[in-house]
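Student: The structure under discussion is supplied below as structure tokens; questions concerning it will follow.
There are 2 protein chains.
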Amino acid sequence: MTRWEPNARGRLELAALELYSERGYDQTTVAEIAGRAGLTERTFFRYFADKREVLFYGSGMLQDTLVQGIADAPDGLSPIDTVGTALAGAAELLEERRELSRQRQVIVAATPELRERELIKLATLAAALADALRKRGVTDPAASLAAEAGMAVFKVAFQRWAGQDGDGAGQTLAQIIAESIAALKSVAAAG
Amino acid sequence: MTRWEPNARGRLELAALELYSERGYDQTTVAEIAGRAGLTERTFFRYFADKREVLFYGSGMLQDTLVQGIADAPDGLSPIDTVGTALAGAAELLEERRELSRQRQVIVAATPELRERELIKLATLAAALADALRKRGVTDPAASLAAEAGMAVFKVAFQRWAGQDGDGAGQTLAQIIAESIAALKSVAAAG
Chain S
7 MTRWEPNARG
17 RLELAALELY
27 SERGYDQTTV
37 AEIAGRAGLT
47 ERTFFRYFAD
57 KREVLFYGSG
67 MLQDTLVQGI
77 ADAPDGLSPI
87 DTVGTALAGA
97 AELLEERREL
107 SRQRQVIVAA
117 TPELRERELI
127 KLATLAAALA
137 DALRKRGVTD
147 PAASLAAEAG
157 MAVFKVAFQR
167 WAGQDGDGAG
177 QTLAQIIAES
187 IAALKSVAAA
197 G
Chain Z
7 MTRWEPNARG
17 RLELAALELY
27 SERGYDQTTV
37 AEIAGRAGLT
47 ERTFFRYFAD
57 KREVLFYGSG
67 MLQDTLVQGI
77 ADAPDGLSPI
87 DTVGTALAGA
97 AELLEERREL
107 SRQRQVIVAA
117 TPELRERELI
127 KLATLAAALA
137 DALRKRGVTD
147 PAASLAAEAG
157 MAVFKVAFQR
167 WAGQDGDGAG
177 QTLAQIIAES
187 IAALKSVAAA
197 G
């Protein structure tokens, strides 16, 4: 018999991020995460396949949000502004997770296995964005380039937003993304 | 006593690419590669740390070429044209390796471990390009964005150049990179 635990996923995530930060990712076990959250290992495995999944379970939703954002973007936008609109939509969902994202960022940066997984996540997102652009009639190489450049913007903006250095501390992720899209346009300006 | 073998590295690389293509990367051993090349395993390990290294030994030279290309680029270029100049220089070195690159591309795409390693390689190159741009006085986020966007161009152009579909078959890598830089500018044009 399973007892329902209020917000078990959120408690497990918080406990995992605390332990990964305190002891390191490699040194933390699922049993310790469940214990810190006051839950059982069995409950942990109802929400996450393994301890890495705690850091990546949001990617599927992020991808769906971005793909839907591209499909729903107004007609007549340039490819990069289409991607920018989708990124802005995703940014709103992430905004309340800034402190969690900051902690996650530090943990991922410290562990080679997690850095690799993060690169795979970003490459998968770029491929999904390119497909979504093609469905809007954007041809290659424009679709691939806009998608890859868009993910570059997302990566750079996300790091600034979640970064510890206080740079951009007063700005929302959506604002930083808008600035980064403008910076990309300036960087790539013909001339 | 070691006998000198003419072009041992090149023979080992050819043998490895043949075997990876015929049997798959995972199913090929170092002993088989050495045997196909008419060399010993001991000779193999004088050139490569392991069988994966055969597919990635060029990354260090590619990185040095790109970083030097950014340092040597004419003054007054925009960040993206600075990166474009460096990519064009690297493209000349790769041009004679088109058939090898095509084979390598197919092998990497077929093996998750190699796809991950390729993503790490591209991320490492992007970080090196961004550093080289900062040394020229380009500030962030422009340096990071130009480097990441430049690597997106390289990835898309390289795939087209090395691709099997015949698209761009009559063009050099340098030409395809120049076209892709132009496409990026068009994709990212303000408007």
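Protein chains in written order, with this note's numbering: chain S, 7 to 197; chain Z, 7 to 197. Glycine included, C-beta positions come from ideal geometry on N, C-alpha and C.
Just confirm the distance between the C-beta atoms of Z:L72 and Z:A96, as a whole number of angstroms; I'd bet it's less than 8 angstroms.
Tutor: Yes, Z:L72 and Z:A96 are in contact; Cβ-Cβ is about 5 angstroms, under 8 angstroms.
Student: Would you kindly check if the distance between the Cβ of S:P85 and the Cβ of Z:E185 is under 9 angstroms?
Tutor: Not a contact, by the Cβ cut-off of 9 angstroms.
Student: Check whether the Cβ of S:S107 lies closer than 9 angstroms to any Cβ atom in chain Z.
Tutor: No, its Cβ sits nowhere closer than 9 angstroms to a Cβ of chain Z.
Student: In terms of residue numbering, what span does the alpha helix (DSSP H) encompassing S:G143 cover?
Tutor: Looking at the DSSP string, S:G143 is not in any alpha helix (DSSP H), and its letter there is neither H nor E.
Student: Any chance you could list the alpha helix (DSSP H) runs of at least 4 consecutive residues sitting entirely within the stretch 14-53 of chain Z, in chain order?
Tutor: Qualifying alpha helix (DSSP H) stretches, in chain order: 14-29, 36-43, 47-53.
Student: Taking the C-alpha atoms as reference points, what is the distance between S:D32 and S:Y26?
Tutor: In a straight line, the C-alpha of S:D32 is about 8 angstroms away from that of S:Y26.
Student: Using only the alpha-carbon positions, how far apart do Z:L16 and Z:S65 sit?
Tutor: Correcting the residue type first, residue 16 of chain Z is Gly in the shown sequence and not Leu. So the alpha carbons of these two residues sit roughly 16 angstroms apart.
Student: My guess is that S:E47 and S:V60 are in contact by the Cβ rule of under 8 angstroms, so how many angstroms apart are they, rounded?
Tutor: Going by Cβ atoms, the distance from S:E47 to S:V60 rounds to 13 angstroms, so no, they are not a contact pair.
Student: Z:L190 and Z:V159 - do their beta-carbons sit closer together than 9 angstroms?
Tutor: Yes, they are a contact pair.
Student: May I have the straight-line CA-CA distance separating S:A40 from S:R58, to the nearest angstrom?
Tutor: Taking the straight line from one Cα to the other gives about 14 angstroms.
Student: Give the residues of chain S in contact with Z:P80, contact being defined as C-beta atoms less than 8 angstroms apart.
Tutor: Per Cβ cutoff of 8 angstroms: no residues; Z:P80 is ~14 angstroms from chain S at best.
Student: If you reduce the DSSP assignment to three classes, tell me which class Z:L83 lands in.
Tutor: Here Z:L83 sits in coil by DSSP.
Student: Quick check: Z:L139 and Z:V89, are their CB atoms within less than 9 angstroms of each other?
Tutor: Going by C-beta atoms, Z:L139 is nearer than 9 angstroms to Z:V89.
Student: Report yes or no: is there a C-beta of chain S within less than 9 angstroms of the C-beta of Z:R142?
Tutor: With 9 angstroms as the cut-off, Z:R142 does not count as an interface residue toward chain S.
Student: Which term fits S:F50, buried or exposed, when burial requires 16 or more other beta carbons within 10 angstroms of its beta carbon?
Tutor: Burial call: buried.
Student: Looking only at its own chain, which residues have a Cβ that is under 6 angstroms from the Cβ of S:A149, when we skip the five neighbours before and after it?
Tutor: Answer for S:A149: A136, L139, R140, listed in chain order.
Student: Quick check: is the beta carbon of Z:L99 nearer than 9 angstroms to any beta carbon in chain S?
Tutor: Z:L99 does not count as touching chain S.
Student: Just how far apart, CA to CA, sit S:E105 and Z:L131?
Tutor: If I take the Cα positions, the gap works out to 30 angstroms.
Student: If you measure beta-carbon to beta-carbon, which residues of the stretch 53-82 of chain Z are closer than 9 angstroms to chain S?
Tutor: Listed in sequence order: no entries.
Student: Between Z:L125 and chain S, is any beta-carbon pair separated by less than 9 angstroms?
Tutor: Taking Cβ atoms only, chain S reaches closer than 9 angstroms to Z:L125, which makes this a yes.
Student: Run down chain S in chain order and give the residues with a C-beta less than 9 angstroms from the C-beta of Z:E19.
Tutor: Result: empty, since nearest Cβ-Cβ is about 25 angstroms, beyond 9 angstroms.
Student: Distance check for S:A43 and S:L20, CA to CA, integer angstroms please.
Tutor: If I take the Cα positions, the gap works out to 8 angstroms.
Student: So, at 6 angstroms on beta carbons, what are the nonlocal neighbours of Z:A6 in its own chain, with the 5 sequence-adjacent residues on each side left out?
Tutor: An answer regarding residue 6 of chain Z cannot be provided, because it is not within the stretch 7 to 197 covered by chain Z.
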